[in-house]
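*Asks:* Just passing along the structure, written as structure tokens.
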Ligand code: TAP
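In UniProt numbering, the protein residues as written are 1 to 498.
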């Protein structure tokens with residue numbers, strides 16, 4: 001295993017020293033709060049230190065966001081002016097793309113190739129897409145039939161207004177990208193935002209807050225609080241001045257956030273976990289299905305809410321599918337994300353590494369055949385070897401629970417309807433894919449699958465304009481597209497008698 005890691009930019013080193021904690025009203029919060037280390041998953045060593053927001057700091061972030069909202073500094077701007085600022089915000093991310101890619105790789109662990117292409121590259125496109133909505137938020141006119149005395153006429157219409165202060169609670173798997181999924185529609189509609197990144201990965205959101213100021217977003221519109229979910233996150237989701245909570249993370253925490261938001265009648269959106277099936281039919285193109293499984297299952301080491309983790313494969317191609325997956329994972333190069341020649345990288349944290357290893361042990365105990373992939377470095381990084389689990393059955397823990405790691409569980413089937421039953425036999429319903437050349441079969445299955453997104457001959461293919469979110473315990477609400485933008489607005493009905 002060679003390590004040809006790229007050099008850290010001087011801008012990254014400078015930022016690591018500068019980012020001392022929460023970012024409120026245009027500056028980092030100074031104070032005597034408790035400081036904690038932020039780790040580099042590739043080495044297990046501290047990257048930097050950040051101060052944790054206590055109750056007073058969280059409260060200050062919300063009151064600054066509320067004061068800014070009330071002052072109309074942002075929502076009162078002409079939409080075209082806000083659009084220009086948000087486009088500049090996207091341009092600045094593009095201009096500083098290498099710095100952001102390095103920050104994300106150093107803090108989250110994933111490959112620099114992925115952070116350049118996806119976390120930063122895709123985010124720039126997403127920002128431009130959302131900036132465009134600023135000038136396209138519309139109500140409608142309504143033909144009312146109000147029974148009033150002879151002669152009275154009415155003109156009725158709806159307007160969309162920003163909901164107010166938005167709290168965005170973000171996980172650690174795509175810290176920059178998922179933060180932007182919350183920030184951009186909020187800013188496009190004129191809301192103010194407080195983002196709480198995951199404790200493991202606070203850095204890119206902090207750098208983004210600096211960039212927003214540089215782009216011309218008024219200070220206080222976009223704030224970041226760094227602190228534990230159990231205190232800072234809980235306080236944000238139950239804060240009476242927060243009018244919308246948008247959360248991505250585990251189902252357990254999502255439910256707590258939903259309850260907290262309902263308690264003060266705030267809007268909420270929950271994008272939660274997935275146990276996403278990939279259904280490989282008898283006639284599927286095996287080469288494409290194997291390549292698709294590797295991407296769908298191992299992107300970001302499987303730490304993707306839409307990752308495929310249950311592979312239902314027809315008996316006629318089952319052995320070949322397992323063998324080809326196994327050969328591929330055996331040959332992967334595993335190492336630090338800053339080494340662009342690596343294909344698999346460390347998991348985000350020691351805690352998560354232990355959780356994934358626990359699932360692999362359990363699979364073995366429950367009777368799965370463990371096909372262990374490439375060796376991992378033994379240097380303090382949070383690595384897990386990519387694993388193919390063959391002979392998995394529907395009742396095994398690995399077939400039922402979200403693992404969020406590089407573990408591909410393969411289950412055999414004989415009959416498509418039996419496979420469909422297993423696909424839907426889950427509390428979760430985020431996404432699924434069907435692999436087949438039989439269009440009739442695909443068209444029959446699409447409406448039957450209980451998932452917010454169904455792909456055919458592809459998986460984990462997201463687009464800014466295509467709504468994304470879950471059925472069942474995978475969440476409530478949608479990100480992307482018009483649906484996401486409108487969910488950051490209130491509708492006001494207006495009726496004028498004349
Ligand atoms: P969560 O605990 O759900 O954390 C996600 C975010 O919520 C973090 O910012 C977290 O802050 C915050 N949070 C935690 N408790 C909170 C509370 N009571 N109120 C408000 N916010 C709170 O996820 P995790 O523990 O990092 O990961 C656990 C599992 O969740 C993973 O193994 C995976 O299965 C799933 N997960 C799913 C996704 C997606 S994209 N759906 C993303 C990440 C994880 P702290 O970081 O400070 O705790």
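All C-beta atoms, glycine included, are put in the ideal place defined by N, C-alpha and C.
1. So what's residue 87 in DSSP terms, helix, strand or just coil?
2. Where does residue 98 fall in DSSP's three states?
3. Residue 305 and residue 254: beta carbons closer than 8 Å?
4. Verify the contact flag: residue 224, CB atom, against every heavy atom of the ligand TAP, threshold strictly below 7 Å.
5. Under the criterion of a Cβ to heavy atom distance below 7 Å, does residue 175 qualify as lining the ligand TAP?
6. Just to confirm the assignment, what range does the alpha helix (DSSP H) spanning residue 209 have?
7. Just mark residue 76 as buried or exposed, buried being the case when its beta carbon has 16 or more other beta carbons within 10 Å.
8. Going by Cα to Cα distance, which pick from 16, 380, 260 is closest to residue 42?
9. Would you call the stretch 57–65 and the stretch 390–399 in contact, with 3 or more CB pairs under 8 Å?
10. To the nearest angstrom, report how far apart residue 387 and residue 16 are at their CA atoms.
11. Should residue 118 be counted as a contact of the ligand TAP given a C-beta to heavy atom distance under 7 Å?
12. Entirely within the stretch 347–414 and at least 3 residues each: give me those beta strand (DSSP E) ranges in chain order.
13. What would DSSP say about residue 259, mapped onto helix, strand or coil?
14. Less than 7 Å separating the Cβ of residue 479 from some heavy atom of the ligand TAP?
15. So does residue 111 have its beta carbon nearer than 7 Å to some heavy atom of the ligand HEM?
16. Could you check whether residue 283 and residue 436 sit closer than 8 Å to each other, using their CB atoms as the reference points?
17. Considering only their Cβ atoms, is the gap separating residue 64 from residue 19 smaller than 8 Å?
18. Where does the unbroken alpha helix (DSSP H) through residue 124 begin, and where does it stop?
19. Taking the alpha-carbon positions, what's the residue 440 to residue 314 distance?
20. If you reduce the DSSP assignment to three classes, tell me which class residue 488 lands in.
21. Do you know offhand how far residue 351's Cα is from residue 212's?
22. For residue 265, count the other beta carbons within 10 Å of its own beta carbon; 16 or more makes it buried, fewer makes it exposed. Which is it?
23. Determine, using beta carbons only, whether residue 363 and residue 370 come nearer to each other than 8 Å.
24. When you compare only the Cα positions, how much space is there between residue 132 and residue 106?
25. Kindly indicate if chain C contains any beta-carbon less than 8 Å away from that of residue 74.
26. Does the ligand TAP have even one heavy atom less than 7 Å from the beta-carbon of residue 196?
27. Buried or exposed: residue 175, going by 16 or more other Cβ atoms within 10 Å of its Cβ?
*Replies:* Reading it off the structure:
1. helix
2. helix
3. Not a contact, by the Cβ cut-off of 8 Å.
4. no
5. no
6. 203–215
7. exposed
8. 380
9. no
10. 34 Å
11. no
12. 369–372, 387–390, 407–413
13. In this structure, residue 259 counts as helix in the three-state DSSP scheme.
14. no
15. In terms of ligand content, the structure shown lacks the ligand HEM and carries the ligand TAP instead.
16. yes
17. no
18. In the DSSP assignment, residue 124 falls within the alpha helix (DSSP H) that extends over 123–133.
19. 17 Å
20. coil
21. 33 Å
22. Of the other Cβ atoms in all chains shown, fewer than 16 fall within 10 Å of the Cβ of residue 265; this residue is therefore exposed.
23. Yes, Cβ-Cβ distance for residue 363 and residue 370 is below 8 Å.
24. 32 Å
25. Absent from the structure is chain C; it holds one protein chain and no more.
26. yes
27. buried
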